[in-house]
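The listed protein sequences derive, respectively, from chains A and B.
Counting from 10, one number per residue, gives the positions in the first sequence under the numbering used here.
Counting from 84, one number per residue, gives the positions in the second sequence under the numbering used here.
Here's the structure, in structure tokens; my notes come after.
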Amino acid sequence: MARKRPRGEDESAQFAFSRRSFLKTAGVGAAASTVVGVAATATSAPVVLGPDAVSLTLKVNGTAQKVTVEPRVTLLEALRDHLDLTGAKLVCDRGSCGGCTVLLDGEPIDSCLMLAADAEGHEVTTVEGLGSPDHLSPVQRAFVEKDAMQCGFCTPGFVVAATALLAKNPRPSVEQMKEGLAGNLCRCGTYGRIFEAVQAAARAKRG
Amino acid sequence: MQEEPRTKPPMVKVTVKAGLASAPQVREVEIPQDDIEPWDLDSWAKFRHMGKPLARFEAPLKVTGRAKYTYDVKLPGMLYGRMIGAAIPAGEVVSVDTSRAEALPGVKAVWTAEQKIIRFAGQDVAAVAAVSPQVAEDAARLVKVTYKERPFTPELRAAMKPDAPLVYADAENPAGRDVPHQGNVAGPRPSRRGGDGRGDVEKALGEADATIEASYYCPVHTHSCLETHGVVASWEGDQLTIHASTQGIFAVREGVADALGIDRKNVRVFCEHMGGGFGSKLGPSATGSAFSVVACRLAKMAGAPVRLMLDRQQEQLCTGNAPSALITVKAGAKKDGTLTAVHYVSHGSAGISPGAGTAGPASSLYTGNPNFKAEEYDVFTNAGPSAPLRAPGHSQGAFGLESAIDELADKLGIDPLEFRKKNESSPVRRAQYDPGAKAIGWERRNQKPGDMSTGQWGTLPPTRKRGLGVANGNWYVFANENTGAQVKVHRDGSVEVFTGCQDIGSGFRTAMAIVAAEELGLDPSGVTIRLGDTQFPQGPASGGSTTTNSVAPAVRLAANHARAQVLALAAPMLGVKPEELSAADGKIFVAASPDRAVGFKQAAAKMSGEVIDAVARRPKQYEPVRHDLAGTQFAEVEVDTDTGNVRVVKMVSVNDCGLPVNPLTTESQIIGAMIQGASWALLENRILDANVGTMVNPNLEWYKILTPSDMFEAQVILTPIANLANNTSTAGIGEPPIVPTLAAIANAVYNATGVRVRELPLTPDRVLTALSQARRA
Numbered sequence: 010m011a012r013k014r015p016r017g018e019d020e021s022a023q024f025a026f027s028r029r030s031f032l033k034t035a036g037v038g039a040a041a042s043t044v045v046g047v048a049a050t051a052t053s054a055p056v057v058l059g060p061d062a063v064s065l066t067l068k069v070n071g072t073a074q075k076v077t078v079e080p081r082v083t084l085l086e087a088l089r090d091h092l093d094l095t096g097a098k099l100v101c102d103r104g105s106c107g108g109c110t111v112l113l114d115g116e117p118i119d120s121c122l123m124l125a126a127d128a129e130g131h132e133v134t135t136v137e138g139l140g141s142p143d144h145l146s147p148v149q150r151a152f153v154e155k156d157a158m159q160c161g162f163c164t165p166g167f168v169v170a171a172t173a174l175l176a177k178n179p180r181p182s183v184e185q186m187k188e189g190l191a192g193n194l195c196r197c198g199t200y201g202r203i204f205e206a207v208q209a210a211a212r213a214k215r216g
Numbered sequence: 084m085q086e087e088p089r090t091k092p093p094m095v096k097v098t099v100k101a102g103l104a105s106a107p108q109v110r111e112v113e114i115p116q117d118d119i120e121p122w123d124l125d126s127w128a129k130f131r132h133m134g135k136p137l138a139r140f141e142a143p144l145k146v147t148g149r150a151k152y153t154y155d156v157k158l159p160g161m162l163y164g165r166m167i168g169a170a171i172p173a174g175e176v177v178s179v180d181t182s183r184a185e186a187l188p189g190v191k192a193v194w195t196a197e198q199k200i201i202r203f204a205g206q207d208v209a210a211v212a213a214v215s216p217q218v219a220e221d222a223a224r225l226v227k228v229t230y231k232e233r234p235f236t237p238e239l240r241a242a243m244k245p246d247a248p249l250v251y252a253d254a255e256n257p258a259g260r261d262v263p264h265q266g267n268v269a270g271p272r273p274s275r276r277g278g279d280g281r282g283d284v285e286k287a288l289g290e291a292d293a294t295i296e297a298s299y300y301c302p303v304h305t306h307s308c309l310e311t312h313g314v315v316a317s318w319e320g321d322q323l324t325i326h327a328s329t330q331g332i333f334a335v336r337e338g339v340a341d342a343l344g345i346d347r348k349n350v351r352v353f354c355e356h357m358g359g360g361f362g363s364k365l366g367p368s369a370t371g372s373a374f375s376v377v378a379c380r381l382a383k384m385a386g387a388p389v390r391l392m393l394d395r396q397q398e399q400l401c402t403g404n405a406p407s408a409l410i411t412v413k414a415g416a417k418k419d420g421t422l423t424a425v426h427y428v429s430h431g432s433a434g435i436s437p438g439a440g441t442a443g444p445a446s447s448l449y450t451g452n453p454n455f456k457a458e459e460y461d462v463f464t465n466a467g468p469s470a471p472l473r474a475p476g477h478s479q480g481a482f483g484l485e486s487a488i489d490e491l492a493d494k495l496g497i498d499p500l501e502f503r504k505k506n507e508s509s510p511v512r513r514a515q516y517d518p519g520a521k522a523i524g525w526e527r528r529n530q531k532p533g534d535m536s537t538g539q540w541g542t543l544p545p546t547r548k549r550g551l552g553v554a555n556g557n558w559y560v561f562a563n564e565n566t567g568a569q570v571k572v573h574r575d576g577s578v579e580v581f582t583g584c585q586d587i588g589s590g591f592r593t594a595m596a597i598v599a600a601e602e603l604g605l606d607p608s609g610v611t612i613r614l615g616d617t618q619f620p621q622g623p624a625s626g627g628s629t630t631t632n633s634v635a636p637a638v639r640l641a642a643n644h645a646r647a648q649v650l651a652l653a654a655p656m657l658g659v660k661p662e663e664l665s666a667a668d669g670k671i672f673v674a675a676s677p678d679r680a681v682g683f684k685q686a687a688a689k690m691s692g693e694v695i696d697a698v699a700r701r702p703k704q705y706e707p708v709r710h711d712l713a714g715t716q717f718a719e720v721e722v723d724t725d726t727g728n729v730r731v732v733k734m735v736s737v738n739d740c741g742l743p744v745n746p747l748t749t750e751s752q753i754i755g756a757m758i759q760g761a762s763w764a765l766l767e768n769r770i771l772d773a774n775v776g777t778m779v780n781p782n783l784e785w786y787k788i789l790t791p792s793d794m795f796e797a798q799v800i801l802t803p804i805a806n807l808a809n810n811t812s813t814a815g816i817g818e819p820p821i822v823p824t825l826a827a828i829a830n831a832v833y834n835a836t837g838v839r840v841r842e843l844p845l846t847p848d849r850v851l852t853a854l855s856q857a858r859r860a
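Here is the structure:
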């Protein structure tokens with residue numbers, strides 16, 4: 010799952026269970042600097058947020074938006090419950106299924122494992138930002154054509170992960186797709202179709 | 084579409100071309116007089132849309148995150164509900180102190196369960212509703228429950244011991260008075276489909292040239308729906324609206340209305356999209372929780388809508404599971420491979436509920452075998468009640484039976500495929516073996532199991548062993564006749580179809596558009612499907628592979644009624660009688676001279692009102708060509724003898740699928756079943772701690788399901804059959820392809836290694852243990 014942490018070499022055990030309770034009253038800025046290495050605040054004194062709601066500015070799908078949330082609110086919860094972007098889903102609640110995958114500065118992350126406060130200053134792209142039903146992205150179009158979904162609950166996460174994979178590797182082999190999408194789970198059993206879709210999207214993008 | 088006694092309608096006989104496309108048979112079927120002439124093999128050749136692959140309609144919404152699931156529904160002023168489950172596996176709730184939770188700012192309602200006896204960890208104890216998910220979680224933590232604990236027994240084999248703690252006191256035993264029981268074991272129940280069996284099994288085993296006896300163990304598999312169970316409940320006066328992640332909106336309506344003591348007419352249930360069910364979402368809530376009713380109560384108490392979704396741990400504990408099973412098979416055959424006896428005994432655990440039954444495949448495969456007996460026992464354990472899971476009991480049962488059949492063939496030195504062919508009772512499966520064998524390359528298998536030099540594998544490292552396996556599966560032709568459909572043709576020629584059924588993810592919505600379009604002579608894109616609303620004509624639950632073949636005939640019949648009215652409008656425009664007309668490609672034309680045509684829209688514009696409104700009830704099921712759905716599967720695996728890791732390389736599934744409406748989504752379902760089955764065979768295992776009785780892996784991290792990196796080549800071969808059980812000759816496909824998967828993989832592992840692993844999942848520890856035992860022996 011290291012792939013989901015863009016600056017993941019510094020994964021503190023603290024962070025692993027901190028998401029709800031630990032940061033409730035603690036210095037969120039300091040914790041953030043440990044976890045995602047926000048260089049700007051790393052050297053300054055800890056910023057204490059909460060426990061009351063704080064105002065944050067999140068840049069989501071190219072637009073800066075203000076949300077007022079408790080500091081313990083995750084990026085996923087902020088997107089879903091406060092910005093009405095419900096494409097990303099909570100499935101496992103602990104970073105093992107990829108259902109909540111969004112792009113943070115172009116890198117896929119599990120938004121259930123990141124506090125909304127830690128996403129400030131970063132570019133967040135959700136599945137809604139990749140395309141709309143009338144203007145599908147190449148990956149989205151390929152998912153439609155290859156039937157790379159059944160119930161569809163994991164699909165937004167896979168679309169985002171596949172988009173990130175193709176941005177890095179425009180011609181992934183089957184083994185590379187297995188590796189690149191390994192952090193996402195589907196229960197209906199669509200992996201085979203997803204591989205077909207990713208390869209079709211790769212072909213379409215190459216033209 | 085209220086249920087009422089149906090008297091046998093007047094019947095008429097029609098001649099059709101039925102059966103396998105490769106072996107058509109002219110046949111007379113009796114159909115109800117008010118039905119239409121059924122689609123048969125001749126129709127199949129002429130279809131414009133049926134049987135042609137079509138991308139599912141809701142796909143653009145799903146790939147862009149716009150599809151709204153229950154979990155995504157947000158109503159003004161909505162609160163967030165949270166269930167609180169029992170922390171102990173057995174005992175009694177002494178007290179529930181909710182005072183601190185109630186005092187927490189933001190908490191709007193608190194509920195506590197009336198049931199005080201606890202029989203599994205995770206059973207409903209209390210619930211809260213609060214202004215945010217975070218506050219609801221805080222409040223749940225503040226609810227203090229005091230228990231009086233009792234001894235418990237969470238695992239099947241331990242629960243069978245005579246001194247095991249009792250899950251139920253004698254008088255409470257839910258197995259039924261007519262079923263004998265001792266300790267936690269109830270049975271034998273006569274096999275549900277095998278009756279009391281046939282012939283004399285003991286005698287036949289004594290006379291057989293070769294016999295085997297072996298026991299197989301299959302663990303509990305949890306459904307692990309990615310969208311957890313949940314509802315959004317809101318009241319407006321006495322009107323209750325529920326958005327539910329469900330496989331049966333009418334089951335939710337019935338269950339909630341009954342529990343609350345309100346009229347069904349005052350409850351409306353919606354399900355537009357749902358994130359997986361696999362059998363666990365057929366009831367009003369879940370088999371081990373009443374969360375839907377609780378959510379409605381919380382909403383009533385708080386005077387605000389409540390969204391209550393279970394969390395992942397709760398999903399693992401109380402929403403059902405596929406029972407574990409300990410299956411013992413004795414089987415005998417003659418030297419020439421004729422199967423002469425099967426004695427099948429299954430001890431299954433559905434947790435606290437009865438009905439683990441796994442004998443289905445045993446009683447309906449190899450029906451030519453003259454001596455057969457099946458006995459099914461329930462073993463109660465302190466674990467959440469089971470729920471149907473894709474072909475309930477059949478994957479476990481086929482794992483036992485088809486492993487045993489393999490062992491018997493091996494003992495006789497007969498190729499396991501040849502053995503199956505020799506004893507095959509289904510003409511459909513007989514036609515399926517060769518295409519499947521060809522697709523997997525059956526000739527490559529190790530002639531001597533475990534000896535790679537007797538197979539054709541090219542160059543592989545010495546620690547990588549490959550092998551091939553085959554196994555059979557079966558399911559049944561079921562339909563729910565209490566099904567209706569409504570078709571509206573508007574004056575602008577636009578068309579809507581209404582069905583009170585839900586799309587579980589099978590592509591149901593798109594399939595119904597294809598059926599309506601075929602009948603109306605339109606393109607499927609011109610048909611809008613409205614579904615998942617109890618205000619629409621009653622639809623079946625999405626389960627048992629019944630959805631398509633229950634609803635499609637009603638949709639076709641309603642579309643046919645609408646078509647007749649549009650043809651009547653077109654007739655004067657073309658100066659002919661309506662019966663001289665036909666419809667296709669958006670046009671209505673004179674059948675004898677297709678150039679004389681008007682557009683469907685032009686004809687519709689002549690209607691006197693605003694809408695042609697046609698309603699139909701699903702016609703009664705006909706006497707079909709086949710009562711079962713046959714399938715067979717082949718697997719290629721690679722076993723790493725150093726690490727014990729088993730990898731599926733390829734699977735081939737050959738399935739009877741009726742006349743497939745949309746092969747694209749049909750094949751997707753079959754591939755999905757192979758993946759879910761492979762996941763069960765290789766990885767999945769619910770582990771309940773013997774010491775504390777709670778689940779060790781109530782998540783998706785240690786409860787392993789197959790990931791993209793485990794994906795194998797999956798090939799589907801459809802065996803289209805005009806079964807003539809209904810006017811569309813469609814069938815369901817959700818269940819059949821998961822039935823043989825476990826056994827096909829286990830049999831392939833045997834062919835690769837020469838070692839039989841009789842307990843699933845085929846994890847490295849089990850494989851290495853079996854390999855080392857075999858070396859010692």
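We treat Cβ as the ideally placed atom computed from N, Cα and C, and that holds for glycine.
All values derive from a computational prediction rather than experimental measurement.
Exclusion of the five residues before and after alanine 316 of chain B leaves Ile325, Ala378, Cys379, Ala382, Val389 as the residues of its chain whose Cβ lies within less than 6 angstroms of its Cβ. At least one C-beta of chain A is nearer than 7 angstroms to the C-beta of leucine 309 of chain B. Under the Cβ distance rule, proline 655 of chain B does not count among the residues neighbouring chain A, no pair being separated by less than 7 angstroms. Counted as a single uninterrupted DSSP element, the beta strand (DSSP E) harbouring threonine 134 of chain A occupies residues 132 to 134. DSSP places glutamate 796 of chain B in the uninterrupted beta strand (DSSP E) bounded by 796 to 802. Within a 10 Å sphere around the beta-carbon of histidine 144 of chain A sit fewer than 16 other beta-carbons, which makes this residue exposed.
Between isoleucine 828 of chain B and valine 694 of chain B a beta carbon distance of about 53 angstroms is seen, past the 8 angstroms cut, so the two are scored as non-contacting. According to the DSSP secondary-structure assignment, leucine 843 of chain B is paired through a beta bridge with no residue. Rounded to the nearest angstrom, the gap between the Cα atoms of arginine 183 of chain B and alanine 210 of chain B is 13 angstroms.
Rounded to whole angstroms, threonine 726 of chain B and arginine 849 of chain B show a C-alpha spacing of 11 angstroms. When Cβ-Cβ separations below 7 angstroms define contact, valine 63 of chain A makes no contact with chain B. In the structure shown, the three-state DSSP call for valine 335 of chain B is helix. For isoleucine 523 of chain B, the enclosing alpha helix (DSSP H) starts and ends at 510 to 523.
Setting aside the 5 residues that flank it on each side, leucine 766 of chain B is surrounded in the same chain by Lys787, Pro844, each with a C-beta closer than 6 angstroms to its C-beta; the list follows chain order. When secondary structure is reduced to three states using DSSP, tryptophan 127 of chain B falls in the helix class.
Per DSSP, the unbroken beta strand (DSSP E) holding glutamine 716 of chain B starts and ends at 711 to 723. Rounded to whole angstroms, the Cβ separation of cysteine 160 of chain A and isoleucine 587 of chain B is 7 angstroms, and the two are in contact under 8 angstroms. Here histidine 356 of chain B is buried, its C-beta having at least 16 other C-beta atoms within 10 Å. It is roughly 32 angstroms from the alpha-carbon of alanine 667 of chain B to the alpha-carbon of serine 141 of chain A. Less than 7 angstroms divides the Cβ of serine 432 of chain B from the Cβ of leucine 239 of chain B. Per DSSP, reduced to three states, the secondary structure at glutamate 197 of chain B is coil, with no helix or strand assignment.
Proximity of chain A to glycine 755 of chain B at the Cβ level (cut-off 7 angstroms) is accounted for by Gln159, Cys197, Gly198, Thr199, in chain order.
With contact defined as three or more Cβ pairs closer than 8 angstroms, the segment 144 to 156 of chain B and the segment 334 to 347 of chain B are not in contact. In the same chain as valine 207 of chain A, and ignoring 5 residues on each side of it, the C-beta atoms closer than 6 angstroms to its own belong to Ala171, Met186, in chain order. Chain order gives the chain B residues near leucine 190 of chain A as Pro791, where near means a beta carbon separation below 7 angstroms. Methionine 734 of chain B has B:Ala718, B:Ala797 as its beta-bridge partners, per DSSP. Beta bridge pairing from DSSP links glutamine 74 of chain A with A:Leu67.
The beta carbons of asparagine 768 of chain B and proline 121 of chain B sit no closer together than 7 angstroms.
The Cβ-Cβ distance between asparagine 806 of chain B and arginine 701 of chain B does not fall below 7 angstroms. A Cβ-Cβ distance of about 4 angstroms is found for the pair alanine 645 of chain B and alanine 697 of chain B, placing them in contact under the 8 angstroms criterion.
A straight-line Cα-Cα distance of about 16 angstroms links glycine 837 of chain B and proline 847 of chain B.
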